[in-house]
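Asks: Structure incoming, see below.
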Amino acid sequence: MPVVSLEKQGQIAMITIDNPPVNIYSKAVVEALSQTADEVKNDPDVKVVIVTGAGVRAFMAGGNIKEFPEWIGKGADYAKEKSRWLQAPLRKIETFSVPTIAAINGPALGGGLELALCCDILIAEEQVKLGLSEVTLGIIPGSGGMQRLPWLIGKAKAKEMIFTGKPLIAAEAKEIGMVNHVVPKGKSLEKALELAREICKFSFPILMYAKRAVEEGYEQTMDEGLVTEAEYFGKVFETKNVREGLQAFIEKRNPRFLDQ
Numbered sequence: 015m016p017v018v019s020l021e022k023q024g025q026i027a028m029i030t031i032d033n034p035p036v037n038i039y040s041k042a043v044v045e046a047l048s049q050t051a052d053e054v055k056n057d058p059d060v061k062v063v064i065v066t067g068a069g070v071r072a073f074m075a076g077g078n079i080k081e082f083p084e085w086i087g088k089g090a091d092y093a094k095e096k097s098r099w100l101q102a103p104l105r106k107i108e109t110f111s112v113p114t115i116a117a118i119n120g121p122a123l124g125g126g127l128e129l130a131l132c133c134d135i136l137i138a139e140e141q142v143k144l145g146l147s148e149v150t151l152g153i154i155p156g157s158g159g160m161q162r163l164p165w166l167i168g169k170a171k172a173k174e175m176i177f178t179g180k181p182l183i184a185a186e187a188k189e190i191g192m193v194n195h196v197v198p199k200g201k202s203l204e205k206a207l208e209l210a211r212e213i214c215k216f217s218f219p220i221l222m223y224a225k226r227a228v229e230e231g232y233e234q235t236m237d238e239g240l241v242t243e244a245e246y247f248g249k250v251f252e253t254k255n256v257r258e259g260l261q262a263f264i265e266k267r268n269p270r271f272l273d274q
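For the sequence shown, the working numbering gives the first residue as 15, with consecutive numbering after it.
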């Protein structure tokens, strides 16, 4: 059975990690997730991507710790390359042109949280725990968590989570801005699909420009970011949708946006 599955519901692509019993980020998952990400990226019909885990025991529990001893004693460069290998599929997901949603239906620890952090919107079920627990194993996160988590919740709180390895419950994660929504057990995918369908009402170019403006501007100074925003604002006025959107507002009707 495939350890990563891809399902489409209209313009929504759903990537599911399916590596029982707890969806470990194993070698097979790394390779399959990379291939699946390429497939989604090259599909022009996809407008929103949902990432989730199969079963109820975990979203993704983290890396395959049993593989790690094989990396000992081979030098820092070898371990560095392994880290880059782990990072690659997640970076592909992070750089999708379309909005992405993580439907966190179970514990998201270590590599599991690092996967969720690649998504634009995080939805967590009330029972889940989220954390970077690598320090408890004598290692540090290596799949991008130490870069993305501070962007999301600030350096001080991120350092506390990384230094202690202590996970947060979903409500705590929402309180500090790590997740967007906390939902009852078993409802994360339902909420993700609800949001995805809402987003799908709008056109691909508008969503793409909005995402690029936020992502690029976030790493720039305010003055640079304002220029970036203005550039994408200008691109919007080259699409057919700006005329349709404004005309629909004037005519007091729902717009009929085109994906071009």
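Positions of the beta carbon are idealized from the N, C-alpha and C atoms, including for glycine.
As the structure is a computational prediction, the values presented were derived from the model and not from experiment.
1) Taking one C-beta from the region 65–74 and one from the region 28–41 each time, how about it: are there three or more such pairs within less than 8 Å?
2) Tell me the rounded alpha-carbon separation between Ala102 and Ala262.
3) Apart from the five residues just before and just after Gln234, which ones in its own chain have a Cβ nearer than 7 Å to its Cβ?
4) Taking 7 Å as the limit between beta carbons, can you name the residues of its chain near Thr50, skipping five residues before and five after?
5) Taking only three categories from DSSP, how would you classify Ile13?
6) Is it the case that the Cβ atoms of Gly126 and Phe82 are separated by a distance below 8 Å?
7) Where does the unbroken beta strand (DSSP E) through Ile79 begin, and where does it stop?
8) Could you name each continuous alpha helix (DSSP H) segment of 4 residues or more that falls completely within the region 70–150, going from the start of the chain to the end?
9) Suppose you measure from the CA of Trp99 to the CA of Lys266; what does that come to, to the nearest Å?
10) When burial is assigned at 16 or more other CB atoms within 10 Å of the CB, is Met158 buried or exposed?
11) Taking the beta strand (DSSP E) that Lys22 belongs to, which residues open and close that run?
12) Residues in the same chain with beta-carbon distance under 7 Å from Tyr223, minus the five sequence neighbours each way, listed in chain order, please.
13) Let's test the definition: count the other Cβ atoms within 10 Å of the Cβ of Lys61 and tell me whether it reaches 16, buried, or not, exposed.
14) Go through the region 152–223 residue by residue and report every complete run of the beta strand (DSSP E) that reaches 3 residues or more, in order.
15) Are the Cβ atoms of Ile137 and His195 separated by less than 8 Å?
16) What do you get for Phe177, buried or exposed, if any count of 16 or more other CB atoms within 10 angstroms of its CB means buried?
17) Just to confirm, are Leu166 and Leu129 a CB contact at a threshold of 8 Å?
18) Give the straight-line distance between the Cα atoms of Ile107 and Arg257, rounded to the nearest whole angstrom.
19) Counting along the chain, where does the alpha helix (DSSP H) carrying Ala27 start and finish?
20) Take Pro121 and list the residues in its own chain whose beta-carbon comes closer than 7 Å to its own, dropping the five residues that flank it on each side.
21) What do you reckon, are the CB atoms on Leu221 and Val112 nearer than 8 Å?
22) May I ask you to list the residues that DSSP assigns as paired with Tyr39?
23) Using three-state DSSP, classify Val250 as helix, strand or coil.
24) Do Leu47 and Ile135 come within 8 Å of each other at the CB atom, strictly closer than that value?
25) Does the distance from the C-beta atom of Asn268 to that of Pro219 stay below 8 Å?
26) For Met236, count neighbouring C-beta atoms within 10 Å of its own C-beta (all shown protein chains included) and say buried if the count is 16 or more, exposed if not.
Replies: Checking against the coordinates, here is how it stands:
1) Touching, yes, given that three or more Cβ pairs across the two stretches are closer than 8 Å.
2) Between the alpha carbons of Ala102 and Ala262 lies a distance of about 42 Å.
3) So the list reads Thr242, once near-sequence residues are dropped.
4) Contacts found: Val18, Leu20, Ile29.
5) Here the chain comprises residues numbered 15 to 274, so residue 13 is not present and cannot be evaluated.
6) Going by C-beta atoms, Gly126 is not nearer than 8 Å to Phe82.
7) No beta strand (DSSP E) contains Ile79, which DSSP labels as neither H nor E.
8) Within the region 70–150, the alpha helix (DSSP H) runs of at least 4 residues that lie entirely inside it are, in chain order, 90–108, 125–130.
9) Roughly 51 Å between the two C-alpha positions.
10) In the sequence as displayed, the identity of residue 158 is Gly instead of Met. With 16 or more Cβ atoms within 10 Å of its Cβ, Gly158 is classed as buried.
11) That run of the beta strand (DSSP E) goes 18–23.
12) For Tyr223, where only same-chain residues beyond five positions count, the Cβ hits under 7 Å are Tyr246, Lys249, Val250.
13) Under this definition Lys61 is a buried residue.
14) If we require 3 residues or more, the beta strand (DSSP E) runs fully inside the region 152–223 come out as 195–197.
15) The Cβ-Cβ distance between Ile137 and His195 falls below 8 Å.
16) Exposed, because fewer than 16 other Cβ atoms sit within 10 Å of the Cβ of Phe177.
17) Not closer than 8 Å, so no.
18) Their Cα atoms are separated by approximately 32 Å.
19) Per DSSP, Ala27 belongs to no alpha helix (DSSP H); it is in the beta strand (DSSP E), 26–31.
20) Ala72, Phe73, Ala75, Val142, Lys143, listed in sequence order.
21) At the C-beta level, Leu221 and Val112 come within 8 Å of one another.
22) According to DSSP, which records beta bridges pairwise, Tyr39 is partnered with Gly77.
23) Here Val250 sits in helix by DSSP.
24) No.
25) At a Cβ-Cβ threshold of 8 Å, Asn268 and Pro219 do not count as neighbours.
26) That one is exposed.
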